[in-house]
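Novice:
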Amino acid sequence: MQLLPTSLIYFREVAQTGSITEAAEILHVSPSAISRQMSKLEASAGAPLFLRHPRGMLPTEAGRLLLAHARRSELEGESLLQELRDTESRRTSVIKVASAEGLAHCRVPAAIATMVASYSDVVFNLVVVPSAEATRQVIEGKADIAAVFALGPQRDVTVEFSLPAPALAAVTRDHRLAVRDSVSLQELCEERLALPGRGITQRELFDIAVQREGLSPEIVLETDQVGPILAFARSGAGVALMSRFTVPAREDTGLVFVPVDNTVFLQREGQIQTMAGRRKSALVTAFASALADELLAE
2 MQLLPTSLIY
12 FREVAQTGSI
22 TEAAEILHVS
32 PSAISRQMSK
42 LEASAGAPLF
52 LRHPRGMLPT
62 EAGRLLLAHA
72 RRSELEGESL
82 LQELRDTESR
92 RTSVIKVASA
102 EGLAHCRVPA
112 AIATMVASYS
122 DVVFNLVVVP
132 SAEATRQVIE
142 GKADIAAVFA
152 LGPQRDVTVE
162 FSLPAPALAA
172 VTRDHRLAVR
182 DSVSLQELCE
192 ERLALPGRGI
202 TQRELFDIAV
212 QREGLSPEIV
222 LETDQVGPIL
232 AFARSGAGVA
242 LMSRFTVPAR
252 EDTGLVFVPV
262 DNTVFLQREG
272 QIQTMAGRRK
282 SALVTAFASA
292 LADELLAE
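This note's numbering applies: residue 2 is where the sequence shown begins, and numbers increase by one.
And the structure:
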């Protein structure tokens with residue numbers, strides 16, 4: 002059952018494909034029918050919704066706003082229909098989660114465990130992707146909620162919760178830095194380092210900081226996976242750069258985590274994001290709360 006008006010269905014498909022002809026093929030209608038609906042929408046909006054280019058139709062700023070509205074409306078309609086079905090048949094609800102690797106390693110699974118222990122009618126679909134992709138999936142409605150690392154406020158999402166995610170140097174208990182209250186970037190660069198891969202926000206900040214200070218770090222391991230970085234730190238072969246969110250709360254990891262004293266890392270936050278303006282189900286709200294509790298846990 003489709004709750005979106007026909008004009009918005011046509012508009013959404015044109016915006017996504019960039020072509021009236023392709024949209025017509027997908028929707029099994031004539032191109033002229035779609036063209037008429039686009040003309041009516043633009044007349045109602047009082048502004049052009051598309052820029053016509055040889056490579057296709059691109060949404061204008063007004064078009065992007067309408068597309069965001071159409072996506073929200075479609076998702077809220079689907080959510081309402083699902084809730085009505087669930088109320089009638091007590092069916093299981095699915096929460097789609099997109100998470101950065103660092104948060105998916107332990108904090109997101111811990112929040113999921115809390116939820117499934119409390120609710121018998123919920124299951125989770127978790128995808129692990131870079132933070133920017135997780136945010137994009139929330140904006141496009143492919144995920145109900147995202148757990149990401151971000152550098153300040155983000156457009157087109159609601160930040161349900163955020164917490165600073167400063168950089169930590171992970172070392173064994175017998176390492177010379179283990180007794181320190183903090184470590185400078187210069188001292189860190191005197192060690193053999195395991196770092197997140199390029200494209201991860203913490204690595205981007207590290208690269209900016211060492212360039213500013215003219216430092217030459219000895220990087221012996223780069224990876225976009227948390228497991229190898231933790232294993233490297235535990236081996237005692239060097240120092241791993243990470244966030245406290247990447248390790249389990251309330252568990253002894255066998256490591257000491259020493260804050261890196263450099264203001265550039267203060268920009269980074271752990272964030273819980275949902276689509277801006279979208280009505281959240283009670284279960285998504287409960288999961289956001291459970292995830293916030295996990296981020297707060299030491």
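From the three backbone atoms N, C-alpha and C, an ideal C-beta is built for every residue, glycine too.
(1) Give me the Cβ distance between A250 and E295, rounded to the nearest whole Å; I'm assuming they're in contact under 8 Å.
(2) Just to confirm, is the Cβ distance from F246 to R108 under 7 Å?
(3) By a C-beta neighbour count over all protein chains shown, 10 Å radius and 16 as the cutoff for buried, is I96 buried or exposed?
(4) For M2 and F12, I'd like the C-alpha separation in whole angstroms.
(5) Output the distance between the C-alpha atoms of S282 and L164, rounded to the nearest integer angstrom.
(6) Nearest-angstrom Cα distance between L152 and V30?
(7) When DSSP labels each residue in this structure, what does L178 get in the three-state scheme?
(8) Determine the extent of the beta strand (DSSP E) in which E270 is found, giving its start and end residues.
(9) Assign A105 to buried or exposed, taking buried as 16 or more other Cβ atoms, counted over all protein chains shown, within 10 Å of its Cβ.
(10) Going residue by residue through the stretch 122-172, where are the continuous alpha helix (DSSP H) segments of at least 4 residues, counting only ones entirely within it?
(11) What does DSSP give as the partner residues of D262 in its beta bridges?
(12) Is the separation between the beta-carbon of F150 and that of A293 shorter than 7 Å?
(13) Answer with buried or exposed for A16, where buried requires no fewer than 16 other C-beta atoms within 10 angstroms of its C-beta.
(14) Should T275 be labelled buried (16 or more other beta-carbon atoms within 10 Å of its own) or exposed?
(15) When the distance is taken between beta carbons, is V261 closer than 7 Å to I209?
(16) Using only CA atoms, which one of P229, L178, H176, Q155 lies nearest to R269?
(17) Just curious, the alpha helix (DSSP H) that L237 is in, first and last residue?
(18) The alpha helix (DSSP H) spanning P49 covers which residue range?
(19) Is DSSP giving E1 helix, strand or coil here?
(20) From the DSSP secondary-structure annotation, give me the bridge partner or partners of M58.
(21) Nearest-angstrom Cα distance between H176 and E141?
(22) Taking the alpha-carbon positions, what's the E77 to R279 distance?
(23) Excluding five sequence neighbours on each side, which residues of the same chain lie with their C-beta closer than 6 Å to the C-beta of E134?
(24) What does the alpha-carbon distance come out to for the pair A147 and G255?
(25) Could you please give me the residues that DSSP links to P197 through a beta bridge?
(26) Need the endpoints of the beta strand (DSSP E) that S94 sits in, please.
(27) Leaving out the 5 sequence neighbours to the left and right, which residues in its chain are closer than 6 Å to A71 when beta-carbon positions are compared?
(28) G215 to L186, Cα distance in whole Å?
(29) Out of T202, I273, N263, G239, which one is the CA nearest neighbour of V257?
(30) Alpha helix (DSSP H) containing D304: first to last residue?
Specialist: A quick look at the data gives this:
(1) With a Cβ gap of about 6 Å, A250 and E295 count as contacting.
(2) yes
(3) Here I96 is buried, its C-beta having at least 16 other C-beta atoms within 10 Å.
(4) Here M2 scores only 48 on pLDDT, less than 50, and its place in the model is too uncertain to base an answer on.
(5) 23 Å
(6) 44 Å
(7) Three-state result, L178: coil.
(8) 269-276
(9) Counting of Cβ neighbours within 10 angstroms places A105 among the buried residues, the total reaching 16 or more.
(10) Qualifying alpha helix (DSSP H) stretches, in chain order: 132-140.
(11) S185
(12) no
(13) buried
(14) Looking at its Cβ environment, which holds 16 or more other Cβ atoms inside 10 Å, T275 is buried.
(15) no
(16) Among P229, L178, H176, Q155, the Cα nearest to that of R269 belongs to Q155.
(17) Residue 237 is actually Gly in this sequence, not Leu. Counting along the chain, G237 falls outside any alpha helix (DSSP H), and DSSP gives it neither H nor E.
(18) Counting along the chain, P49 falls outside any alpha helix (DSSP H), and DSSP gives it neither H nor E.
(19) Because the chain is modelled from 2 through 299, residue 1 falls outside the range shown and cannot be assessed.
(20) R53
(21) Roughly 46 Å between the two C-alpha positions.
(22) Looking at the two C-alpha atoms, the distance is approximately 7 Å.
(23) none
(24) 29 Å
(25) T224
(26) 94-100
(27) So the qualifying residues of the chain are L9, R13.
(28) Distance between the alpha carbons of G215 and L186: 11 Å.
(29) G239
(30) A question about residue 304 goes unanswered here, because the residues of the chain that appear run from 2 up to 299.
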